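Notes follow once the structure below has been shown.
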Amino acid sequence: MSTTNAGLARKLGYTNVRAFLGGEPAWSEDGHPVYASNKFVEKGNIVLLDLREGDAAVKGRIPRSVQITYEQLDERMDDIPRNAPVILYSDSVDDVTDAYEDMKDSGFKTVAMVKGNYQGWVASGGAVETGPIFSTEINWVRKLGKGEVSVEEFRKATLGELPDTYIIDARTPQEIKDLGIFKNTVNIPLDEIPKRMNEIPKDKRIFIHCSTGARADLAYRELIKNGYDVKFLLLNISDPECDCPIIMPE
17 MSTTNAGLAR KLGYTNVRAF LGGEPAWSED GHPVYASNKF VEKGNIVLLD
67 LREGDAAVKG RIPRSVQITY EQLDERMDDI PRNAPVILYS DSVDDVTDAY
117 EDMKDSGFKT VAMVKGNYQG WVASGGAVET GPIFSTEINW VRKLGKGEVS
167 VEEFRKATLG ELPDTYIIDA RTPQEIKDLG IFKNTVNIPL DEIPKRMNEI
217 PKDKRIFIHC STGARADLAY RELIKNGYDV KFLLLNISDP ECDCPIIMPE
């Protein structure tokens, strides 16, 4: 998406435009922090962890948060769904930063922090709840957003078990060459979709994927505007949950 957005900026008249091609994955993999918006903390389909010790969470906590102290995190790691967006907060910058790095090192793809920790949340006017904590169990269920296809349904399509379904891989040809392509899938890169719509059948349902879902979402929006019956996969395809058979190009 970086190059696409940079191109749009140039078309709008901006002349000093650069794109960070590595994006958020490269940023976080290099150890730099990522912060969630307050709106996402409040309403997102997330796992929100309170890392503070003692009775701090009883005195005041962010609604929906689960108290797993920093000391408990390592032994509770397997209780946290790997495909869930995880957001962390504490009273200690060191604790939350170390926890963030530990989770990234353990293979969690989507981890962020509350900006300013608990104190920052309160200072920004965020809601707070108090009182006894009756459970520290994590009950998270993946909720599909508008236009999303489930992993199960997408997998059936790649296996040829859903008739009248046309699957588009919106990644670049170089990505296909390096990583392969799912079975029963056609490669149409995101930037080629507007000029190749005559290849996309309107009498079939369309599933779109890319590497993480970001480009697939953009392609979905373009096809919806043009009257297609379309859904997109919002998932990192390197996630173990996405175990569709892959064909390597010759």
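The number in the working numbering is simply the position in the sequence shown, starting from 1, with 16 added.
All residues carry an ideal CB built from backbone N, CA and C; glycine is no exception.
Nothing here was measured: the structure is a model prediction, and the numbers come from that model.
Taking the beta carbon of residue i as the centre, do at least 16 other beta carbons fall within 10 Å, making it buried, or is it exposed?
{"i": "threonine 31", "result": "exposed"}
{"i": "aspartate 71", "result": "exposed"}
{"i": "glutamate 164", "result": "buried"}
{"i": "valine 202", "result": "exposed"}
{"i": "asparagine 21", "result": "exposed"}
{"i": "valine 167", "result": "buried"}
{"i": "glutamine 83", "result": "buried"}
{"i": "phenylalanine 198", "result": "buried"}
To the nearest angstrom, report how far apart residue i and residue j are at their CA atoms.
{"i": "proline 265", "j": "asparagine 252", "result": "21 Å"}
{"i": "valine 102", "j": "glutamate 257", "result": "17 Å"}
{"i": "proline 261", "j": "glycine 196", "result": "10 Å"}
{"i": "phenylalanine 56", "j": "isoleucine 263", "result": "37 Å"}
{"i": "proline 205", "j": "glutamine 190", "result": "10 Å"}
{"i": "tyrosine 236", "j": "lysine 247", "result": "6 Å"}
Over the uninterrupted alpha helix (DSSP H) stretch that includes residue i, give me the two end residues.
{"i": "threonine 181", "result": "Element bounds for threonine 181: not the alpha helix (DSSP H) but the beta strand (DSSP E), 181-185."}
{"i": "arginine 34", "result": "No alpha helix (DSSP H) holds arginine 34; DSSP gives it neither H nor E."}
{"i": "asparagine 252", "result": "Run containing asparagine 252: none; DSSP gives neither H nor E here."}
{"i": "leucine 104", "result": "Not the alpha helix (DSSP H): leucine 104 falls in the beta strand (DSSP E), residues 102-105."}
{"i": "lysine 55", "result": "54-59"}
Starting from residue i, trace the beta strand (DSSP E) in both directions and tell me its first and last residue.
{"i": "lysine 241", "result": "Here lysine 241 belongs to no beta strand (DSSP E); instead the alpha helix (DSSP H) covers 230-241."}
{"i": "arginine 221", "result": "221-225"}
{"i": "phenylalanine 124", "result": "That residue, phenylalanine 124, is in no beta strand (DSSP E); it is neither H nor E in DSSP."}
{"i": "tyrosine 150", "result": "Residue identity differs from the one stated: residue 150 is phenylalanine in this sequence, not tyrosine. No beta strand (DSSP E) contains phenylalanine 150, which DSSP labels as neither H nor E."}
{"i": "valine 246", "result": "246-248"}
Could you tell me which of the options sits nearest to residue i, measuring between CA atoms?
{"i": "tyrosine 86", "options": "Glu257, Glu238, Leu65 and Val157", "result": "Leu65"}
{"i": "proline 41", "options": "Leu24, Arg98 and Lys125", "result": "Lys125"}
{"i": "proline 49", "options": "Asn61, Asp110 and Glu69", "result": "Asp110"}
{"i": "leucine 37", "options": "Gly23, Tyr51, Arg26 and Thr19", "result": "Thr19"}
- Count the C-beta pairs between the region 40-51 and the region 90-102 that are closer than 8 Å, then say yes if the count reaches three, no if not. no
- Query: Are three or more beta carbon pairs between the region 78-85 and the region 137-154 nearer than 8 Å?
  - Reply: yes
- Evaluate contact between the region 213-231 and the region 180-189, counting only Cβ atoms and requiring at least three cross-stretch pairs below 8 Å. yes
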